[in-house]
Amino acid sequence: VLEAYAAGLVGKNACGSGWDFDIYIHHGAGAYICGEETALLESLEGKKGQPRLKPPFPANAGLYGCPTTVNNVESIAVAPTILRRGAGWFAGFGRPNNTGTKVFCISGHVERPCNIEEEMSIPLKTLIEEHCGGVRGGWGNLKAIIPGGSSVPMIPKDICDTVLMDFDALRDVKSGLGTAAVIVMDKSTDLIRAIARLAYFYKHESCGQCTPCREGTGWMWRVLERMVKGEAETSEIDTLLDVCSQVEGHTICALGDAAAWPIQGLIRHFRQEIEDRITNYRQGRPHVAGHTLAAE
């Protein structure tokens, strides 16, 4: 920013345009909820970071009641190149309705975790094998992938084999591109424990404004913790799904959805693993020997 001021690109009479353009940097405290645009505006105003009811939308009444646009830094970063090369060039990447490029953050059980900018609609398998050196232990050792950050449902290996990394393709398999943060989990992963850890995160980060999120996230986490050990009842799997549906879509912001979707994905694709865990517990057999979280 200081270099931009020194070069005359911003500030008084920016670029000789006759317009003043200033940039201010505000440090946040890292609250997850402040990723929601209106909670971010509340925080910038010195208030508790809680999402606002909409309307009014920020474009009409945002920061201090003034019209405000809120953009992710990735959107701002790519804008100069689009202006320089043209919209047609950018739209040439990907496929219809899913054009452009995306920064993918790939972590977990891969040989080389990385951040990489790639075109939209790249096959998930190609993305991992070309840029990360493949799954640890080979593609056959893959168990599941969370394709768009912790808030989207996981998908099992058979879907990962062919799915494209774009909005439409991932929606069709009941997941989502989200933030394009790809979390790879091999067969050593205890998926129930991993999702229980995510459930705790969303419980911790809930601002508490909406009852379904405030109460539901804690309830879901506690049930999942018992499922990790196998102490739950099999009937509680459907009860957990029902609670997810009561939280999803019933909150001011999308954090309620984000808390419910990973659990729904776990049950959709790995329900048998939960049931086996419960059965093994009742029969006194060990169930998690050698398992690790993807982050470990």
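Those letters in the sequence shown? Residues 187 to 482, by our numbering. Idealized CB from N, CA, C, for every residue including glycine.
Check	Outcome
Distance cut-off 6 angstroms: K198 Cβ against heavy atoms of the ligand FMN	Of the ligands one can find in the structure shown there are none, so the ligand FMN has no counterpart to examine.
I331, DSSP secondary structure in three states	strand
First and last residue of the uninterrupted beta strand (DSSP E) at E305	300-305
The alpha helix (DSSP H) enclosing T397, as first and last residue numbers	397-415
The region 214-234 / the region 192-202 touching (three or more Cβ pairs under 8 angstroms)	no
Cβ contact (3+ pairs, closer than 8 angstroms) linking the region 289-305 and the region 241-258	no
Contact set for K415: own chain, Cβ-Cβ below 7 angstroms, skip 5 residues either direction	Y467
CA nearest to the CA of A385, picked from L363, R408, A367	R408
The region 362-379 in contact with the region 427-434 per 3-pair CB rule at 8 angstroms	no
Nearest neighbour of G202, chosen from I209, T465, A193 [CA to CA]	A193
Residue span of the beta strand (DSSP E) that contains S293, given as start and end	287-294
Contact check, F276 vs E305, beta carbons under 7 angstroms	no
DSSP bridge partner residues for F207 (one or two, in chain order)	G197
Close beta carbons around E482, own chain, < 8 angstroms, minus the five adjacent residues each side	At E482, the pLDDT of 44 sits below 50, so the modelled position is not reliable and the matter cannot be decided from this model.
Per-residue DSSP class, three states only, for D372	strand
Close-in-space but distant-in-sequence residues of the same chain around T478 (CB under 8 angstroms, 5 per side omitted)	Confidence in T478 is poor, its pLDDT being 48 and thus under 50, which makes the residue's placement too unreliable to answer from.
Cβ pair count under 8 angstroms reaching 3, the region 356-375 against the region 326-336	yes
Reduced DSSP category for A366 - H, G, I as helix; E, B as strand; rest coil	coil
R271 versus K329: straight-line alpha-carbon distance, rounded	40 angstroms
Whether C220 touches G235 by CB criterion (7 angstroms)	yes
Segments of 4+ residues assigned as alpha helix (DSSP H) that fall wholly inside the region 211-243	223-230
Other residues of its chain near V338: CB distance less than 7 angstroms, five sequence neighbours each side excluded	I332, S361, G362, G364, W447
Where the alpha helix (DSSP H) containing K311 begins and where it ends	310-317
Continuous alpha helix (DSSP H) stretch holding Q458: start and end	441-468
Which of helix, strand or coil DSSP assigns to V187	coil
When G326, Q395, R383, C396 are compared against M406, the one with the closest alpha-carbon	R383
Cβ neighbour criterion (16 or more within 10 Å) applied to R238	buried
Test item: CB-CB of Y437 and P398 under 7 angstroms	Reading off the sequence shown, one finds Thr at residue 437, where the question assumed Tyr. Contact flag set, yes.
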